[in-house]
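Peer 1: Quick one: the structure is below, and I'll ask about it shortly.
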Amino acid sequence: MTRTLFEKIWTSRLVKRLDDGRDLLFVDRHVLQETTCATAFEGLARRGIPVRHPELHVATQDHILSTDPARTETTFPPGRELLGLMRRNAAAHGIPLFGVEDRRQGIVHVISPELGLALPGCILACGDSHTSTVGGLGALGIGVGTSEVEHILATQTLALRRPKTMRIWFDGALAPGVSAKDLILHTIGKLGIDAGTGHAIEYAGPAIRALAAEARLTVCNLSIELGARLGVIAPDDVTFAYLDGRDYAPRGAQWDAAVRHWRTLATDDGAAFDKSATIDAREVAPQITWGTTQQDVVGVDGAVPDPGAYSDTGRRGLAAAAIGYMGLAPGQKMEGLPIDVAFIGSCTNGRLSDLKAAAELVRGRRVADGVRALVVPGSTEVKRQAEALGLDRVFADAGFQWRAAGCSMCLSINGDVVAPGQRCIATSNRNFEGRQGPRARTHLASPAMVAAAAIAGRIVDVRKVMA
5 MTRTLFEKIW TSRLVKRLDD GRDLLFVDRH VLQETTCATA FEGLARRGIP VRHPELHVAT
65 QDHILSTDPA RTETTFPPGR ELLGLMRRNA AAHGIPLFGV EDRRQGIVHV ISPELGLALP
125 GCILACGDSH TSTVGGLGAL GIGVGTSEVE HILATQTLAL RRPKTMRIWF DGALAPGVSA
185 KDLILHTIGK LGIDAGTGHA IEYAGPAIRA LAAEARLTVC NLSIELGARL GVIAPDDVTF
245 AYLDGRDYAP RGAQWDAAVR HWRTLATDDG AAFDKSATID AREVAPQITW GTTQQDVVGV
305 DGAVPDPGAY SDTGRRGLAA AAIGYMGLAP GQKMEGLPID VAFIGSCTNG RLSDLKAAAE
365 LVRGRRVADG VRALVVPGST EVKRQAEALG LDRVFADAGF QWRAAGCSMC LSINGDVVAP
425 GQRCIATSNR NFEGRQGPRA RTHLASPAMV AAAAIAGRIV DVRKVMA
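As structure tokens, then:
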């Protein structure tokens, strides 16, 4: 019987089929972050239940932690309680904590691949929607709610309905100046934010195979913005080279055996998907969002659409509301739009390769007058490696703020916010109303696009800057 990659992994972790139609799955690794685990630990305490396998959990501080370079747990007072609770709960249950002082601290979806916590064929769960990121290494990354966090802590299992399968095939190759972020934003724009609802998406095709490991993580990070339960890419030599030597990756003979197994994790020829789509990578230009969902996106040489052009009345109303919120007008060109803030970071684009791409645009230039520009590494290790390469000096000399690792402006619950009415170009994953602060206006783009905009003080086509 032929099977998809998703079906192979899902079945291998199946404990039993439940009477209510859900599957009970074994969870190989569970990563905790501070904003969704406190209530789960309260539930365990109330019921007197211990953590079943503390050795399969790790905890990190990221969402509500200040990114001030001299930060402590108390630098951002509203975060003090949750950060302290995480520290106490982790210690009480014997769970390793990668806190503010730890070299392994960082955003959950950055440290999971970076440390080798996510491995091909495993199920990794976390109380955060962008857990799908680790699909870039051939793992099933499942974002869960607080009650499911408690269930995993208590049983090391997760009860879920099995999603349908979808494959998005990417033909062709990306042009210079076009990144993985552009590829997935373009895909969301083409297919819509509900295209993957109820599905596990496999990304495949020559354009995917040509991506580096960290770029694949960016693609899978935004799976949830297609409405999908998760996204996954078959592991290959690129994956194995990325994982070799990571802290939690197997070593020696165990590594050799693991790689032999991982090579079997591919969709069989002739395996059927419930749904499929094709994207031509050659058509993708650097992307920029104009509205308040990720499907509100155009090439940087495009313009704000006319809501009247949408045949669907619901979509027409949402587009009109988004244009109003963003302070734009139908037909307005995106290129040349002035910005107030530029943010490089997040679990989507806070990795070393992202910072390198941005630094190449910044080197020897200055941030435009009046623009506040931040670079926030996705992990303390990314920060260390960037500083070893001198990237911190490149950014600082250009006028960027060089911050400590964390989620920062991606969700504005840690003191890093965009002021009301200000326009921000960001490498993060969501442009919802108020996401970066009350009445903040967010345009999503790649690291190179954000860097170019910071220098110009307006949205520009990065291809012209690179020429």
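Once you know that position 254 of the sequence shown is 258 in our numbering, the rest is easy, because the numbers rise by one and skip nothing. All C-beta atoms, glycine included, are put in the ideal place defined by N, C-alpha and C. Here the structure is a predicted model, which means the values were calculated and not measured.
(1) If the criterion is Cβ atoms closer than 8 Å, does the pair Phe174 and Tyr207 meet it?
(2) Report buried or exposed for Arg165, applying the criterion of at least 16 other Cβ atoms within 10 angstroms of its Cβ.
(3) Where in the stretch 250-276 do unbroken runs of the alpha helix (DSSP H), each at least 4 residues long, occur, reported from the N-terminal end onward?
(4) Quick one: what does DSSP say Cys41 is sitting in, helix, strand or coil?
(5) Using CA coordinates, which residue listed in Glu105, Ile146, Asp72 is at the minimum distance from His34?
(6) Taking the C-alpha atoms as reference points, what is the distance between Leu189 and His61?
(7) Just to confirm before moving on: does the CB-CB distance between Asp373 and Cys428 stay below 8 Å?
(8) Quick one: measure Cβ to Cβ for Leu365 and Ala452, integer angstroms, because I've assumed they're closer than 8 Å.
(9) Restricting to runs no shorter than 3 residues, where is the beta strand (DSSP E) found entirely within the stretch 154-194?
(10) Using CA atoms only, rank isn't needed, just tell me which of Glu437, Thr271, Gln109, Ala219 is closest to Arg7.
(11) Can you tell me which of the three DSSP states Trp406 falls into?
(12) Measuring only the C-alpha atoms, how far is Thr317 from Ala455?
(13) Taking the alpha-carbon of His265 as reference, which of Cys126, Leu395, Leu195 has the nearest alpha-carbon?
(14) Mind checking which residues open and close the alpha helix (DSSP H) that includes Ile13?
(15) Under a three-way DSSP split, which group does Gln389 fall into?
(16) To the nearest angstrom, how far is the alpha carbon of Gly425 from that of Leu322?
(17) Roughly how many angstroms lie between the CA atoms of Pro290 and Thr40, to the nearest whole one?
(18) Do you know whose CA, among Val242, Thr296, Ile327, lies nearest Pro311's CA?
(19) State the DSSP-derived secondary structure class of Arg370, mapped to helix, strand or coil.
(20) My assumption, with CB atoms under 8 Å, is that Val441 sits in contact with Ala423. Please give the rounded CB distance.
(21) Who are the near neighbours of Tyr252 in its chain, counting only those whose CB is closer than 6 Å to its CB and skipping five residues on each side?
(22) Between which residues of its own chain and Ser133 is the CB-CB distance below 7 Å, once the five residues before and five after are set aside?
(23) Flag this pair as touching only if the stretch 206-224 and the stretch 292-302 have three or more C-beta atom pairs under 8 Å; answer yes or no.
(24) I want to see whether chain C comes within less than 8 Å of Val114, judged by CB atoms only; does it?
(25) Could you tell me how far apart the beta carbons of Thr78 and Asp72 are, in whole angstroms, since I believe they sit closer than 8 Å?
(26) May I ask you to report which of helix, strand or coil DSSP gives Asp3?
(27) List the residues that DSSP assigns as beta-bridge partners of Pro82.
(28) Can we say the stretch 196-205 touches the stretch 458-467, given the rule of at least three CB pairs closer than 8 Å?
(29) Looking only at C-alpha atoms, which of Pro334, Thr159, Ala129, Ala94 sits nearest to Arg233?
(30) Find out if the Cβ-Cβ distance for the pair Lys185, Thr384 is shorter than 8 Å.
(31) Just to check my reading of the structure: Ala63 and Pro100 have Cβ atoms closer than 8 Å, yes? What is that Cβ distance to the nearest angstrom?
Peer 2: If we stick to the structure as given:
(1) yes
(2) exposed
(3) 256-266
(4) helix
(5) Ile146
(6) 32 Å
(7) no
(8) 5 Å
(9) 161-164, 168-175
(10) Thr271
(11) strand
(12) 37 Å
(13) Cys126
(14) 9-16
(15) helix
(16) 19 Å
(17) 34 Å
(18) Ile327
(19) coil
(20) One detail in the question is off: residue 441 reads as Gly in this sequence, not Val. Rounded, the Cβ-Cβ distance is 7 Å, consistent with contact.
(21) Leu119, Gly120, Leu121
(22) Gly147, Ile228
(23) no
(24) Judged by its chain identifiers, the structure shown contains no chain C, having just a single protein chain.
(25) With a Cβ gap of about 11 Å, Thr78 and Asp72 do not count as contacting.
(26) Here the chain has residues from 5 to 471 only, and residue 3 is not among them.
(27) In the DSSP output, where bridge partners are listed per residue, Pro82 has none listed.
(28) no
(29) Ala129
(30) no
(31) 7 Å
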